[in-house]
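Asks: Take a look at the following structure, please.
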Amino acid sequence: MRFRYLRDPVFLLFTGLYVLGRALRNFGVHHPLFDGYFNDVLCAGVWVPVTVAGLRRVGIRRHDLAPTALETVLCLGVWAIMYKVIFPQTPRLAGHTVADPADVTAYALGGLIAIVAWRWLYAPTAEDLAPNAPRQA
Amino acid sequence: MDFLGSAGVNGLWWSASGSALLFAAVVLIESMRQPAASTKSPPLPPWLDATLAVVGIVVAAVVVGFIMAFHHAIQHGH
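Residue numbers (the numbering used here), protein chains in the order written: chain A, 28 to 164; chain V, 164 to 241.
Here it is as structure tokens:
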């Protein structure tokens, strides 16, 4: 089954939860669920599909399978270094990013949830496994 | 490890521009090798293919990371 990129259910669900959290916060509603590490857990499900969609668009990604563990881990690793090591030491962004190792755990948890969901959603069907099934490319 | 901090905002812009340029370079390499594949020329060695894929993902992640940062900065009125 082809990955649906920006129409992927995980991307849509995580983006919807992010928008809901922001809207509630804008209306002054604070709930423990939407504070703290909530956005960090959503990060992989929202931004990994955007990244692989960009890679597919420019031709670096040559398949339409769900994001692989390597793609997800590399993206989260880069973002963890940017947001938890480099940006907290950058004057302009220091007030907005915090070098909190627990955020990286939240990234990893969100990444794990997204990977498991993609494995489940895009598991090959019997039709895909047939010897004369068309290749996804 | 103050290579961005000491340069401040200019450092951020240079890093973002550098990542975008590196990403463009990877895209260019990929686009150059696509015609070669269609004319049945020898494929790239597997290690180079894998390296290009990893570099592409890492640079794309850096570019997206900067997009996230600018989105965050705009939201907070900077």
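We treat Cβ as the ideally placed atom computed from N, Cα and C, and that holds for glycine.
Pair every Cβ in the stretch 117-126 of chain A with every Cβ in the stretch 75-92 of chain A, then say whether three or more of these pairs are closer than 8 Å.
Replies: Too few Cβ pairs lie closer than 8 Å, so no.
Asks: Tell me where the alpha helix (DSSP H) around VAL105 of chain A begins and ends.
Replies: Position 78 of the first sequence holds residue 105 of chain A. VAL105 of chain A -> alpha helix (DSSP H) spans 96-108.
Asks: Can a CB atom of chain V be found closer than 8 Å to the CB of PHE170 of chain A?
Replies: This structure does not reach residue 170 of chain A, given that chain A is present from 28 up to 164, and the question cannot be answered.
Asks: Would you mind sorting GLY72 of chain A into buried or exposed? The rule is 16 or more other CB atoms within 10 Å of its CB.
Replies: Mapped onto the first sequence, residue 72 of chain A falls at position 45. When all chains shown are included, GLY72 of chain A counts as buried.
Asks: From A:ALA135, A:ARG89, A:THR117, A:ARG31, pick the residue whose C-alpha is nearest to that of PHE65 of chain A; which is it?
Replies: On the first sequence, position 38 is the one that residue 65 of chain A refers to. Per the Cα distances, A:ALA135.
Asks: Where does ASP62 of chain A land, buried or exposed, given buried means 16+ other C-beta within 10 angstroms?
Replies: To locate residue 62 of chain A, count along the first sequence from 1; it is residue 35. With fewer than 16 other Cβ atoms within 10 Å, it is exposed.
Asks: Does chain V have any CB closer than 8 Å to the CB of GLY81 of chain A?
Replies: Start at 1 with the first residue of the first sequence, and residue 81 of chain A comes out as number 54. Yes, contact with chain V.
Asks: CA-CA distance, PHE186 of chain V and PRO76 of chain A?
Replies: As a working mapping, residue 186 of chain V is identified with position 23 in the second sequence. As a working mapping, residue 76 of chain A is identified with position 49 in the first sequence. In a straight line, the C-alpha of PHE186 of chain V is about 17 Å away from that of PRO76 of chain A.
Asks: Does VAL105 of chain A have its Cβ less than 8 Å from a Cβ in chain V?
Replies: Along the first sequence, read from residue 1 onward, the residue named residue 105 of chain A stands at position 78. Yes, its Cβ sits closer than 8 Å to a Cβ of chain V.
Asks: Quick one: does GLY219 of chain V have its CB under 8 Å from some CB of chain A?
Replies: In the second sequence, counting from the first residue as 1, residue 219 of chain V sits at position 56. Yes, GLY219 of chain V lies at the interface with chain A (some Cβ there is under 8 Å from its Cβ).
Asks: Less than 8 Å between the C-beta atoms of PHE41 of chain A and ALA93 of chain A, yes or no?
Replies: Along the first sequence, one-based indexing puts residue 41 of chain A at 14. Along the first sequence, one-based indexing puts residue 93 of chain A at 66. No, the pair does not count as a contact, with Cβ atoms beyond the cut-off.
Asks: Could you give the first and the last residue of the continuous alpha helix (DSSP H) run that contains TYR134 of chain A?
Replies: Walking along the first sequence from the start, residue 134 of chain A turns up at place 107. Counting along the chain, the alpha helix (DSSP H) containing TYR134 of chain A begins and ends at 128-148.
Asks: Can you tell me which of A:VAL79, A:THR117, A:GLY43 puts its alpha carbon nearest to the alpha carbon of TYR32 of chain A?
Replies: Within the first sequence, the letter at position 5 stands for residue 32 of chain A. For TYR32 of chain A, the nearest C-alpha among the options comes from A:VAL79.
Asks: Measuring CA to CA, which of A:ALA144, A:CYS102, A:ALA153, A:VAL112 is closest to LEU39 of chain A?
Replies: The count along the first sequence starts at 1 and reaches residue 39 of chain A at position 12. Ranking the options by Cα distance to LEU39 of chain A, first place goes to A:ALA144.
Asks: Assign ARG49 of chain A to one of three DSSP states: helix, strand, or coil.
Replies: Working through the first sequence from its first residue, we reach residue 49 of chain A at position 22. Helix.
Asks: Using a C-beta cutoff of 8 Å, does HIS123 of chain A count as contacting chain V?
Replies: Counted from its first residue, the first sequence places residue 123 of chain A at position 96. Yes, its Cβ sits closer than 8 Å to a Cβ of chain V.
Asks: Does the stretch 43-50 of chain A come within contact of the stretch 101-119 of chain A, defined as at least 3 CB pairs closer than 8 Å?
Replies: The stretch 43-50 of chain A vs the stretch 101-119 of chain A: no contact.
Asks: Within the continuous alpha helix (DSSP H) that includes THR78 of chain A, where are the two ends?
Replies: Within the first sequence, the letter at position 51 stands for residue 78 of chain A. Note, THR78 of chain A: alpha helix (DSSP H), 65-85.
Asks: Measuring only the C-alpha atoms, how far is SER180 of chain V from HIS235 of chain V?
Replies: Your numbering for residue 180 of chain V matches position 17 in the second sequence. Your numbering for residue 235 of chain V matches position 72 in the second sequence. Using only the alpha carbons, I get a separation of about 18 Å.
Asks: Exposed or buried, which one is ASP212 of chain V when buried takes at least 16 other CB atoms within 10 Å?
Replies: Here residue 212 of chain V is taken as the residue at index 49 of the second sequence, counted from 1. Answer is exposed; the Cβ neighbour count stays below 16.
Asks: Run through chain A and tell me which residues come within less than 7 Å of LEU228 of chain V, C-beta to C-beta.
Replies: Residue 228 of chain V sits at position 65 when you count from the first residue of the second sequence. Position check: residue 228 of chain V holds Gly in this sequence, whereas Leu was assumed. Going along chain A in sequence order, the residues near GLY228 of chain V (Cβ under 7 Å) are VAL105, TRP106, MET109.
Asks: Just the C-alpha distance for ARG146 of chain A and LEU139 of chain A, rounded to the nearest angstrom, thanks.
Replies: Sequence index remark: in the first sequence, residue 146 of chain A carries index 119 (1-based). Sequence index remark: in the first sequence, residue 139 of chain A carries index 112 (1-based). When rounded, the distance between both Cα atoms is 11 Å.
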